[in-house]
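For reference, the structure is listed below as structure tokens.
Protein chains in written order, with this note's numbering: chain A, -9 to 322; chain B, 103 to 541.
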């Protein structure tokens, strides 16, 4: 690991630089997307149209050298349009149904505006995400490795959207919010981009080297105190806990696993052999914000999942053993 | 600096942090106990000084010992919450933002991070207000207990319980008697032993009813014994003097009677609860009471003189007890009391009793005004309803001339059932008014 980590760190740094040349002013978003991919998770990007979500995914597929496909979700999209359909074909043995794979059969699937499709179609994709295989007419078809879904959705307040159910949201490792860029970033975009001209993105690595990175991420050391911190953080989201005021449903154990995997990925991204409390704190909003369901009272008061997570991060210490009253903790 | 040196440096820092945290836990447990010890110790110290008890000399050592014991107890109680090095490591790496590299390195993953050249402060700050205020309070209360002025009246007043007055009186008698050598020292030792037995009881019980009663009894008994001794000494001396002076002039019968009396008195001297001291006691012991008649006049006078000296010594010793009169020896008068024409006390139902045929400075007290005391042990002045004073067998007295039931009066204005009955309850004036009305 001592030799692999510097190499991985260097190649990931290169990948990060490449993506930053595609998407200006979204360094944090790029870091989280890379973290999510290294953690083998599916990502949900939420933001208004035109903020570069699709551009980021396309640039990522090119940089990673992975096969990427895009599905534009619309209300009339059918499950078969995603998973693929059996087609009646003339063969030497006679007429028979032959499975025609849909766009989901790719390493990187961009599910654009996923909340515009009907729940039935959404669930078809989400089942593929969970099982990593597609079953049509009783026949299972494995999806390629690696398989990532990067879904984008418009804010649910917009018209013509079907919000994803909580159980399906839970299958996304991260929910990332794509925020509007600053004026300086806009100026940079205006100077370096033209409408209709896609930026040239060089391939930084191939599928094998990316698979090696995924393997390296799994081998990152998770210290017991960090695991304890993750457990306490997730447990603190449960209703009734002191810092979970306004929470109707807390995070599931899958959230704890997501935090652990994300912390390891963040460690690889920074070239460290171990996960840390800082990694957990950095990815906690992305992991927990779509897993916390607030009650109506909290919503009326303006409380958001992000505020709850921020409160948890501030109040759950890495060391849960209290100090005597004669001492006080001091940040150095 | 190699990895081992870096590891040692980190371990030292981690242990230092753990020690500070553990000191905090120990202080948290110790301060309340210390406060309790100091409050109790300070108040006790002050109280002992106020009461002028000798234990005050031990207070410093006692309080110091209790503080040390409190330290040990606090350490035992706080040990459960002591911070381990692994916990301190987590606290340190989180505060110094070391990204869990200390935990990973201690688990053998990765290298120890380089130790900063300028070591940052430990991630704890002391809250000195509470420990300092508690320690200040403790010192203040101990100082108050040790040096706060005690009222002079209370300080000078030693906490001494006086002996009961009866015992003090007996003690004084014994001292005087020993000084005058009036009584056999062995008898005095017995009295002292009884006194010591009473005084061996706790001081607080000296003034209980039972103790006081026992002391009074000892005093009364001792006084009675001394009184008897004195009376016997004087009477014996008087009899001897009479016999020596008038022996040749008395009739044989009177002489024999006087000799008999002298014999009884000598027996009484030898068998009394209190006896004479020194050579006189030896002489009386070796002397045959029946042989008194055969003593020469000089011998009798010499013995009488010695008895007189002893009686004088006894009187001198008991000069502070005027209630004792040696002439009131009742027991020595018992023989021959009221019998025939022998000397003694007379009585209505005992016939004639002449006065003693002895010549004394004062007249003989015949106790004609003496009254008998109640036999009961109950003090009649303190008797309460229900106390049994005495029992007596008795028969009910029956009326011999009983003639059966007799009528005890008669009814006036009897009437039949339902008939109106007129009751003549009017006074004469009212009757007169009625007569005038119906006339």
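Note that the Cβ used here is the ideal one computed from N, Cα and C, for glycine as well.
Please read all numbers here as calculations on a predicted model, not as lab measurements.
Runs of the alpha helix (DSSP H) spanning 4 or more residues and lying entirely within the stretch 210 to 240 of chain B do not occur at all. Nearest C-alpha to residue 308 of chain A among A:220, A:164, A:238: A:220.
When the Cα atoms are used, residue 79 of chain A and residue 89 of chain A turn out to be separated by approximately 10 Å.
Distance from the CA of residue 128 of chain B to the CA of residue 177 of chain B, rounded to the nearest whole angstrom, comes to 6 Å. If you look at residue 115 of chain A, you'll find it in the alpha helix (DSSP H) that goes 109 to 121.
The shortest C-alpha to C-alpha distance from residue 54 of chain A to any of A:204, A:261, A:295 is the one to A:204. Taking a 10 Å sphere around the C-beta of residue 499 of chain B, we find fewer than 16 other C-beta atoms and assign the residue as exposed. Going by DSSP, residue 131 of chain A is part of the beta strand (DSSP E) stretching over 129 to 132. Each residue's CA atom was taken as its position, placing residue 277 of chain B and residue 402 of chain B some 31 Å apart.
Between residue 246 of chain A and residue 273 of chain A, the beta carbon gap of about 12 Å keeps them out of contact (Cβ cut-off 8 Å).
When CB distances to chain A are screened at a threshold of 8 Å, the residues of the stretch 113 to 131 of chain B falling below it are 122, 123, 126, 127, 129, 130, in chain order.
For residue 225 of chain A, the enclosing alpha helix (DSSP H) begins and ends at 214 to 225. Proximity of chain B to residue 320 of chain A at the Cβ level (cut-off 9 Å) is accounted for by 197, 223, 224, 225, 226, 227, in chain order. Of the residues B:496, B:106, B:119, the one whose Cα lies closest to the Cα of residue 221 of chain B is B:119. Within chain B, the residues 130, 229, 232 have their CB atoms less than 7 Å from the CB of residue 315 of chain A, given in chain order. Ranked by Cα distance from residue 198 of chain A, the options A:97, A:250, A:105 are led by A:97. Spatial neighbours of residue 150 of chain A in its own chain (CB-CB distance under 8 Å, excluding positions within 5 residues in sequence) are listed in chain order as 65, 106.
Secondary-structure assignment with DSSP links residue 165 of chain B through no beta bridge to anything. Per the coordinates, the alpha-carbon of residue 137 of chain B lies some 39 Å from the alpha-carbon of residue 230 of chain A. Taking 7 Å as the cut-off between beta carbons, the residues of the stretch 197 to 217 of chain A near chain B are 211, 213, 215, 216, in sequence order. Taking CB atoms only, residue 311 of chain A has a neighbour in chain B less than 8 Å away. Contact of residue 142 of chain B with chain A by beta-carbon distance below 7 Å is absent, the smallest such distance being about 23 Å. Counting only the Cα atoms, residue 13 of chain A lies some 19 Å from residue 139 of chain A. Exclusion of the five residues before and after residue 387 of chain B leaves 372 as the residues of its chain whose Cβ lies within less than 8 Å of its Cβ. For residue 187 of chain A, the secondary structure class from DSSP, reduced to helix, strand or coil, is strand. Under the Cβ distance rule, residue 222 of chain A does not count among the residues neighbouring chain B, no pair being separated by less than 8 Å.
For the options A:317, A:5, A:39, the alpha carbon positioned closest to that of residue 170 of chain A is the one of A:39. Residue 16 of chain A sits in coil when the DSSP states are folded into three classes, being neither helix nor strand. If you draw a 10 Å sphere on the C-beta of residue 162 of chain B, you find fewer than 16 other C-beta atoms in it, and that means exposed. Secondary structure note for residue 81 of chain A: its beta strand (DSSP E) is the uninterrupted segment 74 to 81.
Comparing alpha carbon positions, the residue from B:122, B:375, B:233, B:234 closest to residue 326 of chain B is B:375. Beta bridge pairing from DSSP links residue 141 of chain A with A:34, A:101.
Proximity of residue 192 of chain B to chain A, defined by a Cβ-Cβ separation below 8 Å, is satisfied. At least one CB of chain A lies nearer than 8 Å to the CB of residue 211 of chain B.
Between the stretch 164 to 179 of chain A and the stretch 260 to 280 of chain A there are three or more inter-stretch CB-CB distances shorter than 8 Å, so the stretches are counted as touching.
With a cut-off of 8 Å on Cβ pairs, the stretch 43 to 59 of chain A is in contact with the stretch 183 to 194 of chain A, counting three or more such pairs.
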